[in-house]
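Accompanying notes for the structure given below.
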Amino acid sequence: MLKCHLSKLMGEKRLKISDISRDTGINRGTLTRLYNETATRVDLEVIEQLCDYLDIPVGELFEVQKKKVD
2 MLKCHLSKLM GEKRLKISDI SRDTGINRGT LTRLYNETAT RVDLEVIEQL
52 CDYLDIPVGE LFEVQKKKVD
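In this note's numbering, the protein residues as written are 2 to 71.
As structure tokens, then:
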């Protein structure tokens, strides 16, 4: 399972979804789904744009979380 850290990163940089959408051209709906961690698929181009815009590597935006095994 992937965890998206967009909401945390946006808080640290005091950014709004509308700021990122305006500056990058990424659809607000896509950003909202990433922010709320409800996205099921994202284009690689969008990931690259976000990483470039936030000046971070992909590993800071996404983290692989292991599922708990009972």
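Where is the CB? At the ideal position from N, CA and C, for every residue including glycine.
- In this structure, Leu45 sits away from His6, with a CB-CB distance that is not shorter than 8 Å.
- By the beta-carbon neighbour count (other beta carbons within 10 angstroms, threshold 16), Leu3 is exposed.
- Distance from the CA atom of Leu55 to the CA atom of Arg34, rounded to whole angstroms, is 17 Å.
- The beta carbon of Glu38 lies closer than 6 Å to those of Cys5 in the same chain, with the five residues before and after it left out.
- In this structure, the beta-carbon distance from Ser22 to Arg29 falls below 8 Å.
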